[in-house]
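Trainee: In order, the protein sequence lines correspond to chains A and B. Counting from 8, one number per residue, gives the positions in the first sequence under our numbering. Counting from 1282, one number per residue, gives the positions in the second sequence under our numbering. C-beta: ideal position from N, C-alpha, C; glycine also. Shown below is the structure under consideration.
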Amino acid sequence: MKSTFSTCVLASLLLSGCAKQANVPPPLAPKAYGTQIVEQSGGKQAAGVGAKLKDPVVVQVNGADGNAVAGALVSFHGDGLSFTPSQALTDDSGQVSTVAQLGTIPGSYVIVAETSKSGGGIFSLNLREIALGYQEKVGKQISDKYCIMCHDPESTPERVSNFDNLAPPPSHLFSDGSVLNAMSDADLIKIIADGGPALGKSPQTPAYRGTLTPGEIKAVVAYIRAIADPPYPHSPGPITDHRGCRYWNATMEDEPNWLSGALLVPREGACSLAHAGEPIEAIAKHFGGSVQLCRWRIYQAGTHHQLPRAPCAVFARGAFGL
Amino acid sequence: MSEPTLLQRMWHFFVGTPARRFAFVSILLAIVASIAPTKELFSEWRHFQRQYRHMIAQRSDAPRLQRRFQSGIQQIWIPEQRVVDRCTTCHVALQENSLADSRMQPFRPHPAIPHSLTEFGCVICHHGQGAATTVKEAHYSTKAWEQPILPGRYLESSCGQCHMEELEGTPQLNLGRRLLARYGCAHCHAIAQPDGTLIKPVDEPPSLDHVAEKTSREWLYGWLKNPQAYAASSTMPNFRFNNQEATDIANFLVSQSTPSENSRATAPTNVPLPSEAVAAADGAGLYGALFCASCHATQNSRGNLIGGDLGPELTRVGSKVNPDWVRRWLRAPQGYDPKTRMPRYRYTEKEVALLTAYLLGKKDDDFLANVHLAPSDEASIARGKKLVSDYGCAACHRINGVNPPEGFAPDLSRIGSKPLFQVGFLRGMPETLPAYISGKIRDPRAFGPALKMPSFILTDRQVEALTTALLAQTDRAVTMPPELVRSSPHAKYHPGGDAGRLMEELRCQSCHAINGNGGDMAPDLTFEGSAVQRAWLLEFMKNPDTLRPALIRRMPKFNLSPAEITRLTDYMMTAYQAPGFDSQALDLRALNADAAARGKELFYTKYACQSCHIADHKKDKGYVGPALANVGDRLSAVWIYKWLKDPNALLPGTAMPNSHLTETEARDMTAFLLTLKARKKGAAK
Chain A
8 MKSTFSTCVL ASLLLSGCAK QANVPPPLAP KAYGTQIVEQ SGGKQAAGVG AKLKDPVVVQ
68 VNGADGNAVA GALVSFHGDG LSFTPSQALT DDSGQVSTVA QLGTIPGSYV IVAETSKSGG
128 GIFSLNLREI ALGYQEKVGK QISDKYCIMC HDPESTPERV SNFDNLAPPP SHLFSDGSVL
188 NAMSDADLIK IIADGGPALG KSPQTPAYRG TLTPGEIKAV VAYIRAIADP PYPHSPGPIT
248 DHRGCRYWNA TMEDEPNWLS GALLVPREGA CSLAHAGEPI EAIAKHFGGS VQLCRWRIYQ
308 AGTHHQLPRA PCAVFARGAF GL
Chain B
1282 MSEPTLLQRM WHFFVGTPAR RFAFVSILLA IVASIAPTKE LFSEWRHFQR QYRHMIAQRS
1342 DAPRLQRRFQ SGIQQIWIPE QRVVDRCTTC HVALQENSLA DSRMQPFRPH PAIPHSLTEF
1402 GCVICHHGQG AATTVKEAHY STKAWEQPIL PGRYLESSCG QCHMEELEGT PQLNLGRRLL
1462 ARYGCAHCHA IAQPDGTLIK PVDEPPSLDH VAEKTSREWL YGWLKNPQAY AASSTMPNFR
1522 FNNQEATDIA NFLVSQSTPS ENSRATAPTN VPLPSEAVAA ADGAGLYGAL FCASCHATQN
1582 SRGNLIGGDL GPELTRVGSK VNPDWVRRWL RAPQGYDPKT RMPRYRYTEK EVALLTAYLL
1642 GKKDDDFLAN VHLAPSDEAS IARGKKLVSD YGCAACHRIN GVNPPEGFAP DLSRIGSKPL
1702 FQVGFLRGMP ETLPAYISGK IRDPRAFGPA LKMPSFILTD RQVEALTTAL LAQTDRAVTM
1762 PPELVRSSPH AKYHPGGDAG RLMEELRCQS CHAINGNGGD MAPDLTFEGS AVQRAWLLEF
1822 MKNPDTLRPA LIRRMPKFNL SPAEITRLTD YMMTAYQAPG FDSQALDLRA LNADAAARGK
1882 ELFYTKYACQ SCHIADHKKD KGYVGPALAN VGDRLSAVWI YKWLKDPNAL LPGTAMPNSH
1942 LTETEARDMT AFLLTLKARK KGAAK
C-alpha cells in the first residue's frame, strides 16, 4: 500500500518535471561552424528602460575563408536582457537577427552573441546597448528639439541637418565619448547654459539658460553621458558579476581617497617631519593641508606605529597630539 | 514487576506528578508563544537590511551611509492619496545617489525623477501592494488580488494618472494618447480622462451619406475586405468580413446614398478631361505646385509613403473615385462632406480638369481585378443594414437611416484598474493586465470569434504606446486630489464674422493653430496681427512662398480674390493681436543707422545668429530658423524686439533660445533686422 502511494507520488513528480521541461525549447543543433562572429547592425541603440530595441540586432558568422556560413548556431544572452529568439541558426546569408528587450535599470547592457567552434568552445561578440531612464529620456527629447539639428550631420525628411552650414562645424556628435568624456559635468552644464563663449568656444552654440530649466540642462547632460561611446567612465553603469551582484574592488574605490592625501603629504615627508618632532600643526602648515588630513595621513602611512620602534624615536606619541 | 519501558520512563519524567505536569505545559507554552517573534526575526526584510549593512560596510563612504540607514520597518504614509508604502523597508537606498554604480536590487538608488519620493510614495507609479513586507506579496499577485508591479516599459502610464498634458519625459504615453484619438478608439469606447474630459477622436471618418456618388460597389467591397490593400496608411480597421457580408454591406451603403448638395448645385462643366498622356506629363507638375503633398501621401516606386497624413493616401485613388465626383470635390469639398478638413481652393476649371485626370491615372488595376459582384437585391440590402448596425459602423461614419449607437463598446475610463478576475485570459498568455490589454489591441478576435472589435494594423511600438495610455486610466487617477491633476487646455476657438466664415471655408485651422485650437503643421496665428506688417500679409496671401525652404510641406495657393484677401488680412491684423504691443513698447526713433551697425556686429559676432538664420543669401547658410533676408518687410519692429527679448513668451515651445539680450542689444538688433528688406525693382539702394 505504502509503496504504491510513494510510487504514485514519484511518478507524478517525474511527470510534472517532464511537463516543465517541455516548455523550454530544446537546444538547436548546429549544421555548420564558423570561425568568426561579426556585427551587421543593431549595436549602440538607445531605448527606454524595459523597452524593446527599435531595430533588430543582426550578427553574421563567417568561416575561415571570410565567407558567410549558413546553418551555424548563434545564441544570445546578456544580464538583464531578453531575446526573441535567443538562439537560431544562421540563414543563407550567414546572418541571424534577434529582437532584444532591455532590463529595467538605466545604464549600459551588453549583448553577448556566441557561436560554437567546431571542436568545442565558442566565439563570442559583445554589443553594447543603452537603456534610458526617465532623466535621460527627457534629455533625449530636449536634445532632439534643440540640439541635434546642428550636432548631427544626418538629415531626415522631417529635419534637415544644419551641421554643414556651420563654420567652424561642431567638433563632435553627442555620442562622441572621445571628446565629451573629457569634459566635466560642470563644463557641459556651463556650455549649454551660457553658450560656446563660456568655454572660449564659438558663439554658434547659443545660451539656453533662459530657455531650459537647470533640471532640463542636467537631463541633457545625463543623456549625453548615457549615450557616450566609448562609454563615460563614471556613468552609473554596471560593475556586476554574472549573478548581478556588485564587484567590490576596495583598491579601486580607495585609490582617489588615498591619492589626494598621498600627493599632498608624501610618506617620506611625513616620516622625516615626524622624526624631527614637529607638532601636527606645524606639519599641516608645512604641507598646506588641514590638521585632520595630516593626522589621517600619518595614521595611514603607519608613521605613528613605526616611530616608537625606530631607533631615533626621541619623542612621545603625544607630540602629534594623536 | 518488570523494568519500566523507555516510554513509561519518559511519561513519568514529564507528567508524572502535578508539578512536573505544570512545568512541562509551561515550557511547551513558552516555546509555542516564542515561535511568532522568532519567525519575525528571520523575516525577509531583516535579511535584506542585514545584507545592505554588510554591503555598505565595505565601501569607502560607509560612515555616511550607515548614519543615514534606519533599521526596522519603514513606511511612507500619505493619507490624502491613500498611500501606505513600506517599500523603503527593503529598498533602503532609494535616496543614496552614491550607490548609483550598484546593480544589486533592492539596494539601487531611485533614478532621477521630478517628484520627491516622500511626497507621492512608490505604489502610485509602480503599482504593487504598498503595505506588504514580503517580496512575493509586494510585487506579484494572483488573480484574486490587487495589481502586481507594473512592468518598466509601461511605467509612463503612471505619469498619465495626473498629467493630461504632453510631458517631455513621456513620449510613449503621449504617442498612445494621440493614437487613441487618431485611430478612432474613442468613437466606440468612452474614455474619460481623470480630469473628466473625454478623449476626443480626431480622425473624422468620412460621411457615407452620399457614398454612391464617390465610388462603386466593387470598391466598397474591396475596401471592406482589406482597407490596407487599398491604402497602406489607412486607419480603417479590418473587420474580417466574409465575401457575403462585404457584398451585403456594400449593397446597403450604395442603396442608402442620397445626392449631395454638390451634385444638385454645381453645374456640369464643359472643360473636357485631358488625355492620359497630358495628365501624366503636366498633372504631376500641377500636383506638386499646388502642394497637395502637404496633406496627402502617395507611395513612391520603393513603397515609401511621401507626403502628409492630414488627408487620405492617394496612391490608388483612380481605382476608387468617379470622375465627376472628383471634379465636384476639387471645386467644393464641403458641398459633399460639410465636416471635411479639405479647404475649398479656388481652382480654375482647367486646373480641376488636369488634376482630375492626373488623379484618375493613379490607379491599381490589381486591386479590383477579381471582384465580380452579383446584382444587388432587397434581401442583401436588409442583411447589409443589419450588419452595419451590428458592427457599429455608424459610430464612426454618418450613414442615412442608421443612428450612431450609444455606449456601443465597453467604457475604458477605468481599464487600468480592471480586476484580474473579470478578465478572460487566453491560454498561454501571462495573466497580467498589460498583457491582456496589448493582446486585445493586437488581435481582438483571438478572444472570441463573436467579438465585434476589428483588427487595427499597428506596429509593436504603437501597441505598447496604446497599452501605456490605457493603463493610465486607473481608479486611483479618478480619486486623486483635484489639485494634483494637471489638465491640458481644451480650446474651442473658431473665428467669427464674415472673415471667420471665409477662414472656415479655407480650413485654416486644419494646419494653423489659433488661440490653442487647430493643427500643428503650420505656424501658430494667435498673434499674427502683432507679428507681421500688413503689406507683407497682403502679398503673402496672394502668393504664399514658404519662409523655410527646407520644408516639404508648404502652404498651398488658395487663389483668393483681392476682396477676400483684404477681408482676411484686415481681420487678422485686428483680431490676432498680442497684449502690450502699443507705441509705448519700443521707441522707434532709437532704431537709426548707428544702432543697425551695432546690431549687425552683434548678429554676426556675439550671438552668431547666422548659424541658424540667413540674413544675406550670399554668405549665410543657417537652415534651422526662418530666413531673415527680407524680415524688414515682414515683421513689425515691436514684434522683433519682443521676440528677441523672450521668444518663449510669444510662442511657447519655440526652438529659438532666449539669449537674455540687454535692452540696448535688443534695440540694436531690431534696428539691424529692419534694414533687411527685399530689393524692390527700380528702387534706389
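#1: I want to verify the contact list: residues of chain B whose CB lies under 7 Å from the CB of T105(A), in sequence order.
#2: Smallest Cα separation from H1407(B): which of F1388(B), Q1442(B), H1470(B) and D1914(B)?
#3: Would you mind reading off the limits of the beta strand (DSSP E) that contains S82(A)?
#4: Can you tell me which of S100(A), D62(A), I44(A) and S297(A) puts its alpha carbon nearest to the alpha carbon of S82(A)?
#5: Quick check on N169(A) - is its C-beta less than 8 Å from some C-beta in chain B?
#6: Is there contact here, the segment 199–219 of chain A with the segment 181–188 of chain A, by at least three beta-carbon pairs under 8 Å?
#7: Does any C-beta atom of chain B lie closer than 8 Å to the C-beta of Y116(A)?
#8: Closer than 6 Å by C-beta to M1734(B): which residues in its own chain qualify, once you throw out the five before and the five after it? Chain order, please.
#9: Using a Cβ-Cβ cutoff of less than 7 Å, which residues in the same chain neighbour N1507(B) once the five nearest sequence positions on both sides are dropped?
#10: If you run the structure through DSSP and keep just helix, strand and coil, what is E1594(B)?
#11: Looking at chain A, is there any beta carbon in it that lies within less than 8 Å of the beta carbon of V1905(B)?
#12: Can you confirm whether I1312(B), when its beta carbon is compared against all beta carbons of chain A, has any partner nearer than 8 Å?
#13: So, A1876(B) versus D1927(B), is the Cβ gap smaller than 8 Å?
#14: Is the CB-CB distance between L1641(B) and P1604(B) below 8 Å?
#15: According to DSSP, simplified to helix, strand and coil, what is V123(A)?
#16: Suppose you measure from the CA of S1661(B) to the CA of E1687(B); what does that come to, to the nearest Å?
#17: Hey, out of F1533(B), R1848(B) and S1422(B), whose CA is closest to L1505(B)'s CA?
#18: Closer than 8 Å by C-beta to T1539(B): which residues in its own chain qualify, once you throw out the five before and the five after it? Chain order, please.
#19: Cα-Cα, which of G1777(B), L1932(B) and R1625(B) is closest to T1855(B)?
#20: Could you check the C-alpha separation between A1964(B) and P176(A) for me, to the nearest Å?
#21: Which of the three DSSP states, helix, strand or coil, is assigned to Y1502(B)?
#22: For Q1525(B), which of helix, strand or coil comes out of DSSP?
#23: Taking all protein chains shown into account, do 16 or more other C-beta atoms lie within 10 angstroms of the C-beta of Y1774(B), making it buried, or fewer, making it exposed?
#24: Rounded C-beta distance between I1357(B) and V1364(B)? I'm assuming under 8 Å.
#25: Let's see if you can read the secondary structure: which residues bound the beta strand (DSSP E) around T91(A)?
#26: Check the Cβ-Cβ distances between M156(A) and every residue of chain B, and say whether any is below 8 Å.
#27: Can you list, in chain order, the residues of its chain with a C-beta nearer than 6 Å to that of C1368(B)? Leave out the 5 residues immediately preceding and following it.
#28: Can you list, in chain order, the residues of its chain whose CB lies under 7 Å from that of I1587(B), leaving out five sequence neighbours each side?
#29: Taking the Cβ atom as the reference point for each residue, do T42(A) and F130(A) lie within a distance shorter than 8 Å?
#30: Would you check if the distance between the CB atom of Q1428(B) and the CB atom of L1714(B) is smaller than 8 Å?
#31: Less than 8 Å between the C-beta atoms of L1701(B) and I1722(B), yes or no?
#32: What's the gap between the Cα of H1372(B) and the Cα of V1598(B)?
#33: What would DSSP say about R1767(B), mapped onto helix, strand or coil?
#34: Could you please give the first and the last residue of the uninterrupted alpha helix (DSSP H) stretch that includes G1903(B)?
#35: So that I know if they touch, is there some Cβ in chain B lying closer than 8 Å to that of Q148(A)?
#36: Using only the alpha-carbon positions, how far apart do R1340(B) and G101(A) sit?
Mentor: In terms of the structure at hand:
#1: Per Cβ cutoff of 7 Å: no residues; T105(A) is ~14 Å from chain B at best.
#2: Q1442(B)
#3: L80 to H84
#4: I44(A)
#5: yes
#6: no
#7: no
#8: P1725
#9: N1519
#10: coil
#11: yes
#12: no
#13: no
#14: yes
#15: Note that residue 123(A) is Ser in the sequence shown, not Val. DSSP places S123(A) in strand when its eight states are reduced to three.
#16: 26 Å
#17: F1533(B)
#18: D1490, H1491 and N1681
#19: G1777(B)
#20: Unreliable placement is indicated for A1964(B), whose pLDDT of 41 sits below 50; the coordinate value is still reported in the next sentence. Using only the alpha carbons, I get a separation of about 38 Å.
#21: helix
#22: helix
#23: exposed
#24: 6 Å
#25: S89 to T91
#26: yes
#27: C1403
#28: A1574, A1578, T1579 and N1581
#29: yes
#30: yes
#31: no
#32: 60 Å
#33: strand
#34: Note, G1903(B): premise wrong, no alpha helix (DSSP H); not H, not E.
#35: yes
#36: 48 Å
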